[in-house]
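Asks: Protein chains in written order, with this note's numbering: chain A, 6 to 113; chain B, 6 to 113. A virtual CB, placed ideally from N, CA and C, is assigned to each residue, including glycine.
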DNA sequence: CAGAATCCCAAGTGATACTG
DNA sequence: CAGTATCACTTGGGATTCTG
């Protein structure tokens, strides 16, 4: 069982901390959730959908998500430029887990 | 599916945000993890196990976890006083989910 | 259009000392 | 022993403006 690390502390090597680093923060899960539900989305559309995100935060979150392999960025060389974001396959496998987590939190 | 909220944004009512409020933060998952693995644990023992927590943070986290029904506090009227923390039954059901989440993050 | 740069604020975290 | 109080600090998040 992955949660078990002898006597704890899991500390730095804890898979859960790693997970939190990937999808923690105020907006990352919403971003993934939106991309999952709505499919590939342009930057400004995403910004409108996630009502209240600032550019700073959204851009940073997207870059981190991309670096971590959760999101793919595709740039279409049109004028004006068009950029779409979508979730990756490994990220797809995260969705059902998040789903369980959400259900659990609501039943609590 | 709980993750689906029409077009998103899940925003405030998002079950995932609720979950994050419960178990987010730097130490809460470690606390739950430790209590799960080691069983009922006294305050100072917990503090030693989670190497690096300050009193401020640990005490606050434990109080919140207790308010949210994830942790039970039991006070034994001995001299000196003894206080033990343990995870609750609803919290037990969270463990396998965290386990999946941890596994996912490591396989990524 | 898609972001980067800048600046600011609030919240979270932490170290230390102290007390019922 | 199990915390609380106080204060300092770091980080994340946000508003706004600007540019390739």
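Measure from the C-beta of residue 21 (chain B) to each C-beta in chain A and report whether the shortest distance is under 8 Å.
Replies: yes
Asks: Do you know how far the Cα of residue 84 (chain B) is from the Cα of residue 107 (chain A)?
Replies: 42 Å
Asks: Using a Cβ-Cβ cut-off of 6 Å (strictly less than) and excluding sequence neighbours within five positions of residue 73 (chain B), which residues of its own chain qualify?
Replies: 27
Asks: Taking its Cβ as the centre, do 16 or more other Cβ atoms sit within 10 Å of residue 70 (chain B), making it buried, or is it exposed?
Replies: buried
Asks: Taking the straight line between their C-alpha atoms, what separation do you get for residue 93 (chain A) and residue 75 (chain A)?
Replies: Computed Cα separation, rounded: 5 Å.
Asks: Tell me which residue opens and which closes the beta strand (DSSP E) that residue 98 (chain A) is part of.
Replies: For residue 98 (chain A), no beta strand (DSSP E) segment is defined, and its DSSP state is neither H nor E.
Asks: So residue 91 (chain A) and residue 80 (chain A) are supposed to be a Cβ contact under 8 Å. How far apart are they, rounded?
Replies: Rounded, the Cβ-Cβ distance is 12 Å, inconsistent with contact.
Asks: Rounded to whole angstroms, how far is the Cβ of residue 123 (chain B) from the Cβ of residue 110 (chain A), which I believe are closer than 8 Å?
Replies: With chain B covering only 6 through 113, there is no way to say anything about residue 123 (chain B).
Asks: Would you mind sorting residue 66 (chain B) into buried or exposed? The rule is 16 or more other CB atoms within 10 Å of its CB.
Replies: buried
Asks: Kindly indicate which residue of B:22, B:58, B:49 has the alpha-carbon position closest to the one of residue 33 (chain B).
Replies: B:58
Asks: Can you give me the start and stop residues for the alpha helix (DSSP H) that residue 69 (chain A) sits inside?
Replies: 60-72
Asks: With 16 as the cutoff for other CB atoms within 10 Å, does residue 112 (chain A) come out buried or exposed?
Replies: exposed
Asks: Sorted by chain position, which residues of the same chain lie with C-beta nearer than 8 Å to residue 39 (chain B)'s C-beta, five sequence neighbours on each side aside?
Replies: 46, 51, 54, 55
Asks: Quick check on this structure: which residue in A:35, A:42, A:43 has the alpha carbon closest to the alpha carbon of residue 62 (chain A)?
Replies: The shortest C-alpha separation from residue 62 (chain A) is found at A:35.
Asks: Let's see if you can read the secondary structure: which residues bound the beta strand (DSSP E) around residue 83 (chain B)?
Replies: Run containing residue 83 (chain B): none; DSSP gives neither H nor E here.
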